[in-house]
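Chemist:
Residue numbers (the working numbering): 9 to 127.
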């Protein structure tokens, strides 16, 4: 079995949460917008969540989103401090930030031929 790995550049155009309550917590009412290979991505509100967990001495942010085309993002940020720029490099093995983009292609005629690609 051949394994092909691809490097995918993901440019986030915006991440937004429409709630006005302020503070940290979790929500499923926000959406994630991104551009993948010059194709716009927008998650569905019902299948998007963002959770901030208290993990002394800092906080961790976990974002999981899915759209109706079988495409998804998973983002984990350790040492979350609010709005800002966070590196996803793998440089800190103790608390490595990570992000993945997944494409699920379901073959309804032959479900065994369905494919999942993760970058």
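Cβ coordinates follow ideal geometry from the N, Cα and C atoms, glycine included.
Quick check on the burial criterion: 16 or more other C-beta atoms within 10 angstroms. Buried or exposed for residue 85?
Modeler: buried
Chemist: Enumerate in chain order the residues of its own chain whose CB-to-CB distance from residue 70 is below 6 Å, with the five nearest sequence positions on each side excluded.
Modeler: Cβ neighbours of residue 70 beyond the five flanking positions: 59 and 84.
Chemist: Have a look at 50, 122 and 46 and flag the residue whose alpha-carbon is nearest the alpha-carbon of residue 80.
Modeler: 50
Chemist: By Cβ distance, which residues of its chain are closer than 6 Å to residue 126, with the 5 residues on each side in sequence left out?
Modeler: 108 and 110
Chemist: Pick from 106, 97 and 63: whose alpha carbon is nearest that of residue 87?
Modeler: 63
Chemist: What is the C-beta distance between residue 38 and residue 56, in whole angstroms, given that I count them as a contact (C-beta under 8 Å)?
Modeler: Confirmed, about 6 Å.
Chemist: Give the straight-line distance between the Cα atoms of residue 119 and residue 66, rounded to the nearest whole angstrom.
Modeler: Between the alpha carbons of residue 119 and residue 66 lies a gap of roughly 43 Å.
Chemist: Could you pull out every residue in the same chain whose Cβ sits closer than 6 Å to the Cβ of residue 30, ignoring the five residues on either side in sequence?
Modeler: Here the model assigns residue 30 a pLDDT of 44, short of 50, so the residue's position is not dependable, and the following value carries that caveat. Cβ within range, chain order: n/a, list empty.
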